[in-house]
Amino acid sequence: MESRAFHVECRLDAVDKTMETLCAFVGDALSPEGLIRLEIAVTEALNNIVLHGALPPEAGIAVVVRRADQDVAVEIRDPGPPVPADLFQAAPDLAEIDPLSESGRGIPLIAAMSDALDYRTTSGLNCLTLGFGNRSAE
Amino acid sequence: MIHSQVQSNGICVIRPEGDRLTALGANAFRQEASQLIDNGSNRIIIDLSQVRFVDSSGLGAIVGLLKKVGNRGEVVVCGLTDAVRQMFRVTRMEKVFQIFPDPDAALAALDG
Chain A
1 MESRAFHVEC RLDAVDKTME TLCAFVGDAL SPEGLIRLEI AVTEALNNIV
51 LHGALPPEAG IAVVVRRADQ DVAVEIRDPG PPVPADLFQA APDLAEIDPL
101 SESGRGIPLI AAMSDALDYR TTSGLNCLTL GFGNRSAE
Chain B
1 MIHSQVQSNG ICVIRPEGDR LTALGANAFR QEASQLIDNG SNRIIIDLSQ
51 VRFVDSSGLG AIVGLLKKVG NRGEVVVCGL TDAVRQMFRV TRMEKVFQIF
101 PDPDAALAAL DG
């Protein structure tokens, strides 16, 4: 098991930069398809914090990636206001979303692209942990 | 944020700048492309061949252009890379957009 920590400032450009390094670290621990699922889910999760987390730009988002053989976990911690506990479990299926909707896909994508998801708030920190293995997206 | 080229037949080919179309640049992309529509372009090819990754905001911007053109014209996409194709598949965008392998194929179809 290898792990790497990332400090992400609460800015959209910082998210894009981090994702490049993060995906390079995950590398061949996942299939190309699994890596794409991870990139989609983690990008959506980080962008969601930046756009809706009510945090100042200098606020830090802590990301820890743990990679093993064909198995990756990404832990994202932020100090913003918590989202409803059942937000991810209650997310609509992507197939249920109006295809002409211009928004509202972020949370459903996080839920659909990850193989395991845990969200909890402890001591003022929200922690979203996403797990990825090698399965098909559909 | 975008490169655009209007062909002699009036079809406009748009290429987003950079290899990621995400929340960072989605609004600028949408605004610049919308300006082209406001200026009269209503047959549009979005060439995504240089875009390695699209997130939900980028996707929303592309959908927004489709809705803006509406029945007055067409918006098609081409050159989907692996991650972009996967995003289109999981969000069912393959049923919304005509998808072509490259700009030439899209031009031929729109001009046919």
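Here the protein sequences come in this chain order: A and B.
Going by the UniProt record's numbering, the residue at position 22 of the first sequence is 22; the numbering climbs one at a time, nothing skipped.
Going by the UniProt record's numbering, the residue at position 13 of the second sequence is 13; the numbering climbs one at a time, nothing skipped.
Cβ coordinates follow ideal geometry from the N, Cα and C atoms, glycine included.
Chain B residues whose Cβ lies nearer than 8 Å to that of residue i
{"i": "residue 105 of chain A", "result": "56, 59, 60 and 91"}
{"i": "residue 32 of chain A", "result": "82"}
{"i": "residue 51 of chain A", "result": "23"}
{"i": "residue 76 of chain A", "result": "Result: empty, since nearest Cβ-Cβ is about 15 Å, beyond 8 Å."}
{"i": "residue 44 of chain A", "result": "55 and 56"}
N- and C-terminal bounds of the alpha helix (DSSP H) containing residue i
{"i": "residue 82 of chain B", "result": "82-90"}
{"i": "residue 62 of chain A", "result": "Element bounds for residue 62 of chain A: not the alpha helix (DSSP H) but the beta strand (DSSP E), 60-68."}
{"i": "residue 83 of chain A", "result": "Note, residue 83 of chain A: premise wrong, no alpha helix (DSSP H); not H, not E."}
{"i": "residue 9 of chain A", "result": "Counting along the chain, residue 9 of chain A falls outside any alpha helix (DSSP H), though it belongs to the beta strand (DSSP E) covering 2-9."}
{"i": "residue 47 of chain A", "result": "32-52"}
{"i": "residue 111 of chain A", "result": "106-113"}
{"i": "residue 106 of chain B", "result": "103-111"}
Partner residues on chain A for residue i, Cβ-Cβ distance less than 7 Å
{"i": "residue 38 of chain B", "result": "None at all; the shortest Cβ gap to chain A is about 18 Å."}
{"i": "residue 20 of chain B", "result": "16"}
{"i": "residue 53 of chain B", "result": "39"}
Chain-ordered neighbours of residue i on chain A, where CB pairs are closer than 9 Å
{"i": "residue 24 of chain B", "result": "11, 12, 13, 15, 16 and 47"}
{"i": "residue 73 of chain B", "result": "Near residue 73 of chain B there are no residues of chain A at all, since even the closest Cβ is about 16 Å away, more than 9 Å."}
Endpoints, the beta strand (DSSP E) within which residue i is located
{"i": "residue 29 of chain B", "result": "Careful: residue 29 of chain B lies outside any beta strand (DSSP E), inside the alpha helix (DSSP H) at 26-38."}
{"i": "residue 9 of chain B", "result": "Neither: residue 9 of chain B is in no beta strand (DSSP E) and is coded neither H nor E."}
{"i": "residue 21 of chain A", "result": "Segment 12-26 is the alpha helix (DSSP H) holding residue 21 of chain A; no beta strand (DSSP E) there."}
{"i": "residue 125 of chain A", "result": "125-132"}
{"i": "residue 117 of chain A", "result": "116-122"}
Residues near residue i in its chain [Cβ-Cβ closer than 6 Å; skip 5 each side]
{"i": "residue 20 of chain B", "result": "53"}
{"i": "residue 29 of chain A", "result": "67 and 72"}
{"i": "residue 98 of chain B", "result": "76"}
{"i": "residue 113 of chain B", "result": "Within the shown structure, residues of chain B are numbered from 1 to 112, placing residue 113 of chain B beyond reach of any answer."}
Chain-order list of residues whose beta-carbon lies under 8 Å from that of residue i (same chain, five-residue window excluded)
{"i": "residue 107 of chain A", "result": "44, 48, 87, 88 and 91"}
{"i": "residue 46 of chain A", "result": "8, 15, 18, 19, 61, 63 and 76"}
{"i": "residue 63 of chain B", "result": "93 and 96"}
{"i": "residue 111 of chain A", "result": "88, 89, 91 and 117"}
Beta-bridge partners of residue i, as assigned by DSSP
{"i": "residue 53 of chain B", "result": "B:20"}
{"i": "residue 76 of chain B", "result": "B:45"}
{"i": "residue 74 of chain A", "result": "A:65 and A:130"}
Amino acids of chain A, ordered along the chain, whose beta-carbon sits closer than 8 Å to that of residue i
{"i": "residue 68 of chain B", "result": "Near residue 68 of chain B there are no residues of chain A at all, since even the closest Cβ is about 10 Å away, more than 8 Å."}
{"i": "residue 96 of chain B", "result": "99 and 100"}
Cβ neighbours of residue i in the same chain (closer than 7 Å, five flanking residues each side left out)
{"i": "residue 31 of chain A", "result": "134"}
{"i": "residue 40 of chain A", "result": "109 and 113"}
{"i": "residue 26 of chain A", "result": "35, 38, 65, 67 and 72"}
{"i": "residue 54 of chain A", "result": "80 and 81"}
{"i": "residue 83 of chain B", "result": "52 and 53"}
Proximal residues of chain B, C-beta to C-beta of residue i below 9 Å
{"i": "residue 94 of chain A", "result": "90, 91 and 92"}
{"i": "residue 109 of chain A", "result": "55, 56, 87, 90 and 91"}
When the Cβ atoms of the stretch 58-73 of chain A are set against those of the stretch 4-15 of chain A, are three or more pairs found closer than 8 Å? Under the 8 Å Cβ criterion, the stretch 58-73 of chain A counts as touching the stretch 4-15 of chain A, having at least three qualifying pairs.
Would you check if the stretch 101-111 of chain B and the stretch 69-89 of chain B touch, i.e. whether three or more CB-CB distances between them fall below 8 Å? Look at the beta carbons and you see the stretch 69-89 of chain B touching the stretch 101-111 of chain B: at least three pairs across the two are nearer than 8 Å.
Determine contact between the stretch 84-92 of chain B and the stretch 68-80 of chain A, defined as no fewer than three beta-carbon pairs at a distance below 8 Å. Contact fails between the stretch 84-92 of chain B and the stretch 68-80 of chain A, because fewer than three Cβ pairs, one in each stretch, are under 8 Å apart.
Evaluate contact between the stretch 117-132 of chain A and the stretch 12-30 of chain B, counting only Cβ atoms and requiring at least three cross-stretch pairs below 8 Å. With the cut-off at 8 Å, the stretch 117-132 of chain A and the stretch 12-30 of chain B do not touch.
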